[in-house]
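Colleague: For the sequence shown, the numbering used here gives the first residue as -10, with consecutive numbering after it.
Okay, here's the structure, questions in a sec.
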Amino acid sequence: MAARILLRHVLRCPPARLVAYPEARLTAEDWAAYRALVERRQAGEPVAYLVGEREFFGRSFLVSPAVLIPRPETELLIELALAHLGGCPRPRVLDLGTGSGALAVTLALELDAAEVTAVDLSREALWVAMANAARLGASVSFVHSRWFDALCGERYQLIVANPPYVAANDPHLGQGDLRFEPRSALVAGADGLDDLKTIIAEAPHHLDDDGWLMLEHGYDQAATVRSLLTDAGFTAIRSWTDLAGIERASGGRWPGRP
Ligand code: GLN
């Protein structure tokens, strides 16, 4: 599978061409380029970084080692956002730690009239996200910020985030694609909860009354995230399972100041 994706990338051809013309011969140049990619893949580099793109919610996003590779389970946040904002005429939406921009750009394209803002602490990530917005024709405001720091006084109807949530000593960090992804996009303190805690504590200052906060988190963090949301004063708190049946996102409604 990976071999085909790499070959298609070298030949810049649609998938069907490899099947339709199996007898086609590679030029020496294409063969060398293909071999080089195969070697890098064998050394562990993620396919998405080798070809520079990955599909998310049916669209192709540019990726570089400056950003986390979009995951299929993160599409859950899109589905939740669309379900919760269905009736809103012109919702203001915030994506925290946008990375490649997968969430922000998809929401801007799926929600016609939404006003979408996306922040990231990494300038390199913001360049990738901006390129994706431009390429896909999405209107998104990008802000360089550590979580809410640069958003003083701004409020939103919906805040989504796929923040870092992996524990610093998690052995998965030494395996597969994670070895090549930015640590700053993956790791959040000893238990992986540092950034989720910050976001949950600060979100009430940036949500409209009856606005929603929706967070992706680790496979074993749902109960903790729900209790953090409860402690912060959220209501209608629940978790949602991804396609693998794992509680992968949790959220709640901000009732407004008492
Ligand atoms: N879902 C990623 C993983 O596979 C982690 C992404 C994140 O920390 N936001 O570990």
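Ideal placement from N, C-alpha and C gives every residue a C-beta, glycine not left out.
How is the beta strand (DSSP E) around HIS133 delimited, first residue to last?
Modeller: Start at 1 with the first residue of the sequence shown, and residue 133 comes out as number 144. HIS133 -> beta strand (DSSP E) spans 129 to 133.
Colleague: Name the two residues that bound the continuous beta strand (DSSP E) containing GLN146.
Modeller: On the sequence shown, residue 146 is found 157 positions in, with the first residue counted as 1. Start and end: 145 to 150.
Colleague: Measure from the alpha carbon of GLY207 to the alpha carbon of each residue in ALA118, LEU98, LEU185, then state which is nearest.
Modeller: For the purposes of this step, residue 207 is taken as the residue at position 218 of the sequence shown. If we check each option's Cα against that of GLY207, LEU185 comes out closest.
Colleague: Grouping DSSP H, G and I as helix and E and B as strand, with all else coil, what is GLY165?
Modeller: Sequence index remark: in the sequence shown, residue 165 carries index 176 (1-based). Three-state DSSP puts GLY165 in a helix.
Colleague: Beta carbon of GLU205: closer than 7 Å to some heavy atom of the ligand GLN?
Modeller: For the purposes of this step, residue 205 is taken as the residue at position 216 of the sequence shown. Result yes, Cβ under 7 Å from the ligand GLN.
Colleague: Starting from ASP180, follow the alpha helix (DSSP H) in both directions and report where the run begins and ends.
Modeller: The residue given as residue 180 occupies position 191 in the sequence shown. From DSSP, ASP180 is part of no alpha helix (DSSP H); its letter is neither H nor E.
Colleague: Report the residue from PRO35, ALA13, ASN121, CYS77 whose alpha carbon sits nearest the alpha carbon of MET(-10).
Modeller: Taking the sequence shown and counting its residues from 1, one reaches residue -10 at position 1. Among PRO35, ALA13, ASN121, CYS77, the Cα nearest to that of MET(-10) belongs to PRO35.
Colleague: Less than 8 Å between C-beta atoms, sequence neighbours within five positions excluded: which residues of the same chain meet that for LEU(-4)?
Modeller: As a working note, residue -4 is residue 7 in the sequence shown. Result list for LEU(-4): LEU7, TYR23, in chain order.
Colleague: Does at least one heavy atom of the ligand GLN sit under 7 Å from the Cβ of THR160?
Modeller: Counting from one through the sequence shown, the residue named residue 160 turns up at place 171. Before going further, note that residue 160 is Pro rather than Thr in the sequence given. Outside the cutoff, so no.
Colleague: Bridge partners of GLU12, per DSSP?
Modeller: Stepping through the sequence shown from its first residue, residue 12 is reached at position 23. According to DSSP, GLU12 bridges with nothing at all.
Colleague: Distance check for GLU62 and ASN151, CA to CA, integer angstroms please.
Modeller: As a working note, residue 151 is residue 162 in the sequence shown. As a working note, residue 62 is residue 73 in the sequence shown. If you take the alpha carbons of ASN151 and GLU62, they lie about 10 Å apart.
Colleague: Taking the beta strand (DSSP E) that TRP201 belongs to, which residues open and close that run?
Modeller: Here the question's residue 201 lines up with position 212 in the sequence shown. Taken as a continuous stretch (DSSP letters only), the beta strand (DSSP E) holding TRP201 covers 196 to 205.
Colleague: Throw me the rounded Cβ distance for the THR182 and THR213 pair, which I believe falls under 8 Å.
Modeller: For the purposes of this step, residue 182 is taken as the residue at position 193 of the sequence shown. For the purposes of this step, residue 213 is taken as the residue at position 224 of the sequence shown. In the sequence on display, residue 182 carries Leu and not Thr. Contact holds; Cβ gap of about 7 Å.
Colleague: By the 10 Å Cβ neighbour count, where 16 or more other Cβ atoms means buried, how is ARG43 classified, buried or exposed?
Modeller: Walking along the sequence shown from the start, residue 43 turns up at place 54. The residue is buried, with at least 16 neighbouring Cβ atoms inside 10 Å.
Colleague: Which value, in whole angstroms, describes the spacing of the CA atoms of VAL117 and ARG237?
Modeller: The residue given as residue 117 occupies position 128 in the sequence shown. The residue given as residue 237 occupies position 248 in the sequence shown. C-alpha separation (whole angstroms): 25 Å.
Colleague: Do THR224 and PRO244 come within 8 Å of each other at the CB atom, strictly closer than that value?
Modeller: On the sequence shown, residue 244 is found 255 positions in, with the first residue counted as 1. On the sequence shown, residue 224 is found 235 positions in, with the first residue counted as 1. Taking 8 Å as the Cβ cut-off, PRO244 and THR224 qualify as a contacting pair.
Colleague: Would the beta-carbon of ASN121 be found less than 7 Å away from any heavy atom of the ligand GLN?
Modeller: By 1-based counting over the sequence shown, the position of residue 121 is 132. No, the Cβ of ASN121 stays beyond 7 Å of every heavy atom of the ligand GLN.
Colleague: If you run the structure through DSSP and keep just helix, strand and coil, what is ILE58?
Modeller: As a position in the sequence shown, residue 58 is number 69, starting the count at 1. The answer is coil: DSSP assigns ILE58 none of H, G, I, E or B.
Colleague: Give the DSSP bridge partners of TRP243, in chain order.
Modeller: Position 254 of the sequence shown, counted from the first residue, corresponds to residue 243. Beta-bridge pairing links TRP243 to GLY200.
Colleague: Which of the three DSSP states, helix, strand or coil, is assigned to VAL155?
Modeller: Here residue 155 is taken as the residue at index 166 of the sequence shown, counted from 1. Residue state, collapsed to three classes: strand.
Colleague: Determine the direct distance from the alpha carbon of VAL149 to that of CYS77, and round the result to whole angstroms.
Modeller: For the purposes of this step, residue 77 is taken as residue 88 along the sequence shown, with counting starting at 1. For the purposes of this step, residue 149 is taken as residue 160 along the sequence shown, with counting starting at 1. C-alpha separation (whole angstroms): 16 Å.
Colleague: Between GLY222, TRP20, ASP209, GLY178, which has its C-alpha nearest THR230's C-alpha?
Modeller: Sequence index remark: in the sequence shown, residue 230 carries index 241 (1-based). The residue with the shortest Cα to Cα distance from THR230 is ASP209.
Colleague: Which first and last residues belong to the alpha helix (DSSP H) in which TRP116 is found?
Modeller: Taking the first residue of the sequence shown as position 1, residue 116 is located at position 127. Where TRP116 is concerned, the enclosing alpha helix (DSSP H) stretches over 112 to 125.
Colleague: Between which two residues does the beta strand (DSSP E) harbouring ALA107 extend?
Modeller: In the sequence shown, counting from the first residue as 1, residue 107 sits at position 118. Residues 104 to 109.
Colleague: Confirm, please, whether the CB-CB distance from VAL(-1) to LEU39 is below 8 Å.
Modeller: As a first step, residue 39 must be located in the sequence shown, where it is residue number 50. As a first step, residue -1 must be located in the sequence shown, where it is residue number 10. Contact flag unset, no.
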